[in-house]
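Take the position in the sequence shown, starting the count at 1, then add 1336; the result is the number in the numbering used here.
Beta carbons are placed, not taken as given, at the ideal position from N, Cα and C, and that holds for glycine.
Being a predicted model, the structure only gives us computed values, none of them experimental.
The structure appears right after this line, and notes come after that.
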Amino acid sequence: MPFQTVKFPEYPQLATFLAYYQGVEPETLSKVKSELINRNEDYDYCFLSTTHIISLEQLYSSLHSSIQNHVRGTMKARTLNTEVIFNLSPVNKINDALKIFGVDDKRQDVIVVKVFRSEEQEQFQDIEQAVSKVLRVNSLNLTDDVLESKVDLKKFRKVFKLAPESLSGPETYTKGAIAASLLRGL
1337 MPFQTVKFPE YPQLATFLAY YQGVEPETLS KVKSELINRN EDYDYCFLST
1387 THIISLEQLY SSLHSSIQNH VRGTMKARTL NTEVIFNLSP VNKINDALKI
1437 FGVDDKRQDV IVVKVFRSEE QEQFQDIEQA VSKVLRVNSL NLTDDVLESK
1487 VDLKKFRKVF KLAPESLSGP ETYTKGAIAA SLLRGL
C-alpha cells in the first residue's frame, strides 16, 4: 500500500489520496495530459510534476489551502484538482501554474492527488489500482527524500525567485516555496 492518506483535523469530512509513480512512459503521460485537457472523467485526478516540489510539507500546504478554499467556497479554480496545482504556485495565472506544476510528459515520474469525502476512503486501494493501470506502473512510497532527489533546484529557485546563496537546505527551500505561494498576488 504505497499510497498515502492525508487528512486534516479541521476537515474530517475529507480525505486525500496521494501516490507517487516512477518509470512512467512519456507516451502514457502525453495521453494523460490529453485526457485531462479533454476532461475525461476517468482522469479526474490531480497529476503533478516533481520538478518544482521539494517536500511533502510544500505539498501538504497546497492541499490544506485547497481544501480550505473548497470548504469555504472561495476556490479560484474550477476544480479542486486545479486548485491544488494553483496553490503550489507563486504565479497568479492558473494556466501558468498548470504549465509549471501539472503533468510533464518529458519526465518519467508523477504525483497523483485526489480529494474525496472521508466515507469513500475505503476505495483508495481500488483507486491506486486504477491509476496504476492507467500509468502502467505501480505506485511507490512518496517521501521527502524522493522529492529532494527529483526536484530540479535550478528551475525550482527560478520559479520561486529564491536566491541560492540565501538558502542552505530542503527546509529553507520548502519555507521559501510556501511563503512565495502564500504571498502570491499581494
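| Check | Outcome |
| --- | --- |
| Which residue from Thr1341, Asn1405, Leu1354 and Gly1359 puts its Cα closest to that of Arg1443? | Gly1359 |
| Need the endpoints of the beta strand (DSSP E) that Val1451 sits in, please. | Asp1445 to Arg1453 |
| Hey, Ser1398 and Ser1517: beta-carbon distance below 8 Å or not? | yes |
| Considering just the uninterrupted stretch of the alpha helix (DSSP H) at Ala1351, what are its terminal residues? | Per DSSP, Ala1351 belongs to no alpha helix (DSSP H); it is in the beta strand (DSSP E), Leu1350 to Gln1358. |
| Using the C-alpha atoms, what's the distance from Gly1438 back to Phe1344? | 23 Å |
| Can you name, in chain order, every residue of its own chain whose Cβ lies under 7 Å from the Cβ of Asp1441, other than the five neighbours on each side? | Pro1362, Leu1365, Ser1366 and Lys1369 |
| Which residue marks the beginning of the beta strand (DSSP E) containing Thr1341, and which one marks its end? | Gln1340 to Val1342 |
| Could you pull out every residue in the same chain whose Cβ sits closer than 7 Å to the Cβ of Glu1464, ignoring the five residues on either side in sequence? | Phe1339, Ala1355 and Ser1475 |
| Going by beta-carbon coordinates alone, are Val1448 and Thr1352 separated by less than 8 Å? | no |
| What does the Cβ neighbour count give for Asp1462, buried or exposed, with the cut at 16 atoms within 10 Å? | exposed |
| Rounded to a whole number of angstroms, what is the C-alpha to C-alpha distance between Ile1514 and Val1446? | 20 Å |
| Beta-carbon within less than 6 Å of Leu1478's beta-carbon, same chain only, minus the 5 sequence neighbours each way: which residues are those? | Tyr1356 |
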